[in-house]
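Per UniProt numbering, numbering of the sequence shown is gapless, rising by one per residue and ending at 377.
Beta carbons: idealized from backbone N, C-alpha and C, even for Gly.
This structure is a prediction, so every number in the text was calculated from the model and none was measured.
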Amino acid sequence: MDATTAGKTGPTKLDIMNKSFNIVCISFQQGNNMRRHNLRTVVVSLICAVSQCIALGDDDLDKDKSQPIATINCSSLSSLALSPDGKSLATVDAGRVTLWEVETGKKLRVVFQDDFKSGQVAFSPDGKKLAIAGARSQLELWDIEKNKRLKSIQACKGVPTAARAVAYSGNGERVMAIIFKDVPFEEGGDENRDRMLLYDTSTGTAKCLPTTDRIVYGTLAVSPNGKEMAFPCQGVGVWDVNSGTELRRLDKSQFFLSVAYSCDGKWIAAGGLGRIVVWDAATGEEKLTIKRPGMVGVISVAFSPDGRRLVAGEHDGPVEDPVRGKWNIWNVQTGDLEEILPNQISDVRYVQFSANGKRLISANDFGQINVFDTSRW
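See below:
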């Protein structure tokens with residue numbers, strides 16, 4: 001590698017023995033002049049021989065925090081879920097429900113495959129079952145170890161199987177799914193409202209309840225104690241899990257696109273059009289509002305396990321001209337921006353920390369799922 005190549009920045013192709021590798025090139029530029037003399041040897045260490053390598057230079061570069069430790073590519077990702085132990089991912093992609101190993105991105109197996117356009121998936125709290133909504137029926141429960149369907153539920157009469165979201169309660173006794181009628185959003189009326197399907201795993205009973213309005217986006221967050229759930233709509237609706245009744249509505253002034261509870265259940269965060277809002281979950285009092293120039297839509301949010309940080313997947317730039325998404329990490333106490341990680345090729349639709357906080361998962365519009373090591377930050 002000569003001095004001209006070394007002066008480049010960003011990922012660069014390197015051909016070794018007829019194989020191409022991506023490397024991070026080091027700039028040796030000082031001021032306006034290239035250092036053409038006294039260049040020390042650039043050491044190239046090949047890691048994972050056919051996938052990536054790291055170039056090291058003068059001071060042995062720090063690990064690049066924006067580079068994932070594993071990447072999974074799906075053709076038309078509609079949903080994903082991280083297992084409670086953080087070791088595996090479940091994805092819904094082009095009629096397949098697939099399990100993946102988080103640390104390596106290795107495909108473990110296909111749970112099932114069928115002819116359905118999209119669906120939503122969630123792990124049970126013990127990690128042994130999957131809830132799949134909006135696939136072949138409105139809700140299905142699967143035993144992961146036996147790869148066996150346990151239950152098929154079709155409780156919302158006259159509504160297609162399309163689903164926006166699915167989640168388990170913290171104790172695993174309830175499964176909630178948001179079922180919707182695929183009509184233009186402008187068409188109102190009770191018959192076009194989204195439905196909430198509540199299934200009791202202990203009794204095997206299910207009920208279908210109309211929501212108070214149409215839900216904007218496919219997010220459903222359940223409080224850690226399993227008693228309440230929240231979803232984005234005109235404001236953020238907070239519902240009682242057992243009765244399926246709405247308890248309160250947070251900030252009716254705008255539509256929200258994403259919602260999350262902190263791990264201790266004290267806070268609810270929601271991403272909307274140009275802002276992030278954090279409320280006291282018990283009182284509904286607004287704690288923090290985050291805005292910044294260029295923030296258009298915040299389409300995914302997640303708290304770190306210690307509740308100190310909030311990661312937000314954003315779309316920046318004019319809504320009619322999406323180019324690149326970015327995801328940022330904010331300090332929940334101060335509202336300060338701690339990290340800017342723009343290495344995305346489209347909107348960041350999904351973000352989630354592992355339970356121990358050591359891994360952060362993100363997924364974009366193109367179906368690319370990235371696993372990041374948070375110890376680099």
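Using the C-alpha atoms, what's the distance from G272 back to R164?
17 Å
Using C-beta distances below 6 Å, list every residue in its chain close to A167, excluding the 5 sequence neighbours before and after it, in chain order.
Around A167: A122, M176, L220 and V222.
Where does S375 fall in DSSP's three states?
helix
Using the Cβ count rule (16 or more neighbours within 10 Å means buried), how would you classify N370?
buried
Report the start-end ranges of each beta strand (DSSP E) in the region 227-297 that is 3 residues or longer and not cut off at the edges.
228-240, 246-261, 267-272, 276-280 and 286-290
Strictly by DSSP, which residues pair up with Q113?
R96
Whose C-beta lies closer than 8 Å to the C-beta of D126 among residues of the same chain, with five residues either side of it excluded?
P84 and G172
For the region 73-84 against the region 357-369, are there 3 or more C-beta pairs whose distance is under 8 Å?
yes
Closer than 7 Å by C-beta to I178: which residues in its own chain qualify, once you throw out the five before and the five after it? Chain order, please.
A163, R164, A165, D194, M196, I215, L220 and F231
Return yes when the Cβ of V92 is within less than 8 Å of the Cβ of R359, no when it is not.
no
Using a Cβ-Cβ cut-off of 8 Å (strictly less than) and excluding sequence neighbours within five positions of T201, which residues of its own chain qualify?
L141, G172, E173, R174 and V175
Could you check if D280 is buried or exposed, using at least 16 other CB atoms within 10 Å of its CB as the buried criterion?
exposed
Would the beta-carbon of L310 fall within 8 Å of that of W330?
yes
For T245 and G226, what's the separation of their Cα atoms in angstroms?
14 Å
Cutting at 8 Å between CB atoms, please list the residues of its own chain near K87, excluding the five before and the five after it.
E101, V102 and E103
Answer yes or no: do G95 and D114 have a C-beta to C-beta separation smaller than 8 Å?
yes
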